[in-house]
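Novice: In order, the protein sequence lines correspond to chains U and C.
One point on numbering: in my numbering, the residue at position 78 of the first sequence is 85, and numbering is uninterrupted.
One point on numbering: in my numbering, the residue at position 102 of the second sequence is 553, and numbering is uninterrupted.
Once you've had a glance at the structure underneath, I'll fire off some questions.
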Amino acid sequence: TQLLEQSPQFLSIQEGENLTVYCNSSSVFSSLQWYRQEPGEGPVLLVTVVTGGEVKKLKRLTFQFGDARKDSSLHITAAQPGDTGLYLCAGVDGGSQGNLIFGKGTKLSVKP
Amino acid sequence: DAGITQSPRYKITETGRQVTLMCHQTWSHSYMFWYRQDLGHGLRLIYYSAAADITDKGEVPDGYVVSRSKTENFPLTLESATRSQTSVYFCASSWTSPPILDTQYFGPGTRLTVL
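This is the structure we're talking about:
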């Protein structure tokens, strides 16, 4: 079974700081997705990365897929309180079902 | 309103009772999914459906039953609820399924407590 490990598990920072969260696996994934989940709501897709080494930017968020397609990172520049939430990475299960496997998430709190 | 909805949003039940969680989507998406989210485990797939009358097991199907008689509805039934099934349940839908990566749209969740 493929596993996705996310770190750190919790992160509390002040508004304006930069941060990076990580998503790592010992297995190769054909693609990875990042979701953000706010309290009391379902996850919402932020980005999909497909190619090894790929970098995608979404305003202050920068997503990178590792060259070997085993890891990914999310970097947030000048964090804002609105960035608070649970960040989840998800990869396609390379097994027979081909469904999404989710990491346990990084819970981010940005204090004003 | 268009989108994906779940009902009820909160449910408290007792061990041994049957509980059905409802999921409805208005996009006519082919694929629908049920996940449970628990502290320390993240989101885990329970069952999924590729189309009406086609369902398959996910990672943690034991104790759950699903059906899909209509494209837009995908109810999840706990036939005899156990305390270990206390969780937050999310329904999701998409046009296609990985590995042809597509966006999964999640409902707001149902928080189920089994006493």
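Think of the CB as a built atom: it goes at the ideal place given N, C-alpha and C, for glycine as much as any other residue.
#1: Note down, in chain order, all residues in the region 531-542 of chain C with a beta-carbon under 7 Å from any beta-carbon belonging to chain U.
#2: For C:T547, count neighbouring C-beta atoms within 10 Å of its own C-beta (all shown protein chains included) and say buried if the count is 16 or more, exposed if not.
#3: With 16 other CB atoms within 10 Å as the buried threshold, where does U:Q87 fall?
#4: From which residue to which residue does the beta strand (DSSP E) around C:S518 run?
#5: Label C:I463 either buried or exposed according to how many other C-beta atoms from any shown protein chain fall within 10 Å of its C-beta, with 16 as the threshold for buried.
#6: Write down the C-beta distance between U:V51 and U:L65 rounded to the nearest angstrom, noting that I regard them as a contact closer than 8 Å.
#7: Would you kindly work out how many angstroms separate the C-alpha atoms of C:A543 and C:I497, rounded to a whole number?
#8: With a threshold of 16 other CB atoms inside 10 Å of the CB of U:K111, please say whether the residue is buried or exposed.
#9: Mind pulling the chain U residues with CB within less than 8 Å of C:L563?
#10: What does U:F109 touch in chain C if you count any residue whose Cβ is under 7 Å from its own?
#11: Cα-Cα, which of C:G467, C:P459 and C:S458 is closest to C:T533?
#12: Is the separation between the beta-carbon of U:V35 and that of U:A97 shorter than 8 Å?
#13: Taking 8 Å as the CB-CB cut-off, is U:G73 touching chain C?
#14: Taking C:Q488 as the reference, give the member of C:S545, C:Q536 and C:D553 with the closest Cα.
#15: Going by DSSP, what residues sit across from U:L65 in a beta bridge?
#16: For a test of the three-state rule: what should DSSP assign to C:Q536, helix, strand or coil?
#17: Listing by chain order, which chain C residues have their CB less than 8 Å from the CB of U:L95?
#18: How long is the line joining the alpha carbons of C:Y486 and U:V62, rounded to whole angstroms?
#19: When you compare the CB positions of U:G89 and U:Q44, do they come within less than 8 Å of one another, or not?
#20: Suppose the cutoff is 7 Å on Cβ atoms and the five residues either side in sequence are ignored; what does the same chain contact list for U:I83 look like?
#21: The ligand COA and C:T564: does any heavy atom of the ligand fall closer than 7 Å to the residue's C-beta?
Specialist: In brief:
#1: Correct list: F541.
#2: Residue environment analysis places C:T547 among the exposed positions, since fewer than 16 neighbouring C-beta atoms fall within 10 angstroms of its C-beta.
#3: Label assigned to U:Q87: exposed.
#4: Neither: C:S518 is in no beta strand (DSSP E) and is coded neither H nor E.
#5: The residue is exposed, with fewer than 16 neighbouring Cβ atoms inside 10 Å.
#6: Contact flag wrong, Cβ pair sits at about 12 Å.
#7: The C-alpha of C:I497 is placed about 11 Å away from the C-alpha of C:A543.
#8: So U:K111 ends up on the buried side.
#9: Within 8 Å of the CB of C:L563, no CB atom of chain U is found; the nearest one sits about 14 Å away.
#10: Within 7 Å Cβ-Cβ: G493 and L494.
#11: Of the candidates C:G467, C:P459 and C:S458, the one whose C-alpha sits nearest the C-alpha of C:T533 is C:G467.
#12: Not a contact, by the Cβ cut-off of 8 Å.
#13: No - not a single Cβ of chain C is within 8 Å of the one on U:G73.
#14: Ranking C:S545, C:Q536 and C:D553 by Cα distance to C:Q488 puts C:Q536 first.
#15: Bridge partners of U:L65: U:L68.
#16: Note: C:Q536 maps to helix in three-state DSSP.
#17: What U:L95 touches in chain C: G493 and L494.
#18: Counting only the Cα atoms, U:V62 lies some 29 Å from C:Y486.
#19: The Cβ atoms of U:G89 and U:Q44 do not sit closer than 8 Å to each other.
#20: So the qualifying residues of the chain are N25, L26, R67, L68 and D90.
#21: Absent from the structure shown: the ligand COA. Ligands present: none.
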